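Undergrad: Residue numbers (full-length UniProt numbering): 1 to 125. After the structure tokens below, expect a handful of questions from me.
Below, the structure written as structure tokens:
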């Protein structure tokens with residue numbers, strides 16, 4: 001619970017469309033972070049903490065501004081990333097993980113660890 005007595009965002013369950021099905025938790029979690037850049041953005045926010053747009057773009061090497069903007073908007077709608085306006089003039093925005101976003105830490109790090117164990121650079125042949 002928060003100080004105000006309201007449940008924190010990590011305590012409030014996200015709505016799903018297939019509750020009760022045996023495979024539903026995997027499918028729903030995949031739909032939340034399954035887009036190409038979503039797990040990378042969550043990982044960068046886990047590693048670097050709250051970040052401005054340009055800092056996040058630098059930390060997510062290879063992503064275009066449009067794709068980053070669209071991804072952050074989508075992650076915000078899915079209640080995984082929070083957008084806070086730091087200043088009006090000039091406009092500065094900071095992105096951070098919500099409680100739900102932070103709770104993905106073991107999932108994101110398991111993905112990273114699996115990749116480190118099972119993936120290799122392509123050969124130059």
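No residue lacks a Cβ here, since even glycine has one placed at the ideal position from N, Cα and C. Source: prediction; values computed, not measured.
1) What residue does the beta strand (DSSP E) around residue 82 start on, and which one ends it?
2) Do you know whose CA, among 54, 40, 88, lies nearest residue 111's CA?
3) Can you look up residue 14 in the DSSP assignment and give me helix, strand or coil?
4) Spell out the partners DSSP gives residue 52 in its beta bridges.
5) Please identify the residue among 43, 14, 56 whose C-alpha is closest to the C-alpha of residue 29.
6) Just the C-alpha distance for residue 48 and residue 97, rounded to the nearest angstrom, thanks.
7) When the Cα atoms are used, what is the spatial distance from residue 114 to residue 104?
8) What span of residues does the alpha helix (DSSP H) with residue 65 cover, start to end?
9) How many angstroms separate the CA atom of residue 89 from the CA atom of residue 26?
10) Closer than 7 Å by C-beta to residue 79: which residues in its own chain qualify, once you throw out the five before and the five after it? Chain order, please.
11) Could you check which residue in 31, 83, 84, 95 has the C-alpha nearest to that of residue 59?
12) Can you tell me which of the three DSSP states residue 114 falls into?
13) Do residue 75 and residue 38 have their beta-carbon atoms positioned less than 8 Å apart in this structure?
TA: Inspection of the coordinates gives the following:
1) In the chain shown, counting from the first residue as 1, residue 82 sits at position 82. It spans 81 to 87 - the beta strand (DSSP E) in which residue 82 sits, taken as one unbroken run.
2) As a working mapping, residue 111 is identified with position 111 in the chain shown. Taking only the C-alpha atoms, the option nearest residue 111 is 40.
3) Working through the chain shown from its first residue, we reach residue 14 at position 14. Coil.
4) Working through the chain shown from its first residue, we reach residue 52 at position 52. Looking at the DSSP assignment, residue 52 forms a beta bridge with 94.
5) Position 29 of the chain shown holds residue 29. Closest in C-alpha terms to residue 29, from the list 43, 14, 56, comes 14.
6) In the chain shown, the residue the question calls residue 48 occupies position 48. In the chain shown, the residue the question calls residue 97 occupies position 97. Taking the straight line joining both Cα atoms gives about 11 Å.
7) The sequence position of residue 114 within the chain shown is 114, counting from 1. The sequence position of residue 104 within the chain shown is 104, counting from 1. When rounded, the separation of the alpha-carbon atoms in residue 114 and residue 104 is 15 Å.
8) Taking the first residue of the chain shown as position 1, residue 65 is located at position 65. Run containing residue 65: 65 to 77, per the alpha helix (DSSP H) assignment.
9) Looking up residue 89 in the chain shown gives position 89. Looking up residue 26 in the chain shown gives position 26. Distance between the alpha carbons of residue 89 and residue 26: 43 Å.
10) For this step, residue 79 is matched to residue 79 along the chain shown. 9, 14, 98, 100.
11) As a working note, residue 59 is residue 59 in the chain shown. That would be 95, whose Cα lies nearest to the Cα of residue 59.
12) Here residue 114 corresponds to residue number 114 of the chain shown, with the count starting at 1. The answer is helix: DSSP assigns residue 114 an H, G or I state.
13) Your numbering for residue 38 matches position 38 in the chain shown. Your numbering for residue 75 matches position 75 in the chain shown. Against a cut-off of 8 Å, the Cβ pair of residue 75 and residue 38 comes out as a contact.
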